[in-house]
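In our numbering, the protein residues as written are -17 to 88.
The structure is reproduced here in structure tokens:
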């Protein structure tokens, strides 16, 4: 029973680590996954019980990586919003029709 419990946790952490690795890879090469986001989103397993103590350092490491990836995603989203705001202010001349001259003789 102990082996199954530990094995279930090891499998769960393997899946979670693969998920965070995919996010890290996407952040490292933003163009590679821009059009194809990961299809298999990690779902927490149910009824595992408490995390085995010897797996705690690994779980903490994965959590640290997840938080760093989430922080980087938030930073990039903010940068994208700022860039979109700046580009919306650029005048191309196509959308705005201005008179070339004004005839004041009338």
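Yeah, the Cβ is synthetic: ideal placement off N, Cα and C, and Gly gets one too.
Every value quoted in this text rests on a predicted model; they were computed, and no experiment measured them.
To the nearest angstrom, how far is it from the Cα of residue i to the Cα of residue j?
{"i": "residue 32", "j": "residue 47", "result": "21 Å"}
{"i": "residue 57", "j": "residue 72", "result": "23 Å"}
{"i": "residue 5", "j": "residue 82", "result": "52 Å"}
{"i": "residue 2", "j": "residue 30", "result": "20 Å"}
{"i": "residue -9", "j": "residue 69", "result": "47 Å"}
{"i": "residue 51", "j": "residue -14", "result": "31 Å"}
{"i": "residue 11", "j": "residue 85", "result": "56 Å"}
{"i": "residue 66", "j": "residue 59", "result": "10 Å"}
{"i": "residue 63", "j": "residue 38", "result": "37 Å"}
{"i": "residue 55", "j": "residue 36", "result": "30 Å"}
{"i": "residue 44", "j": "residue 7", "result": "15 Å"}
{"i": "residue 49", "j": "residue 9", "result": "13 Å"}
Which first and last residues belong to the alpha helix (DSSP H) in which residue i is found?
{"i": "residue 49", "result": "38 to 70"}
Please say whether residue j and residue i have beta carbons closer to each other than 8 Å?
{"i": "residue 41", "j": "residue -5", "result": "yes"}
{"i": "residue 53", "j": "residue 24", "result": "no"}
Pick from the options: whose alpha carbon is nearest that of residue i?
{"i": "residue -11", "options": "34, 28, 65, 24", "result": "34"}
{"i": "residue 22", "options": "-1, 43, 37", "result": "-1"}
{"i": "residue 27", "options": "-7, 49, 8, 55", "result": "-7"}
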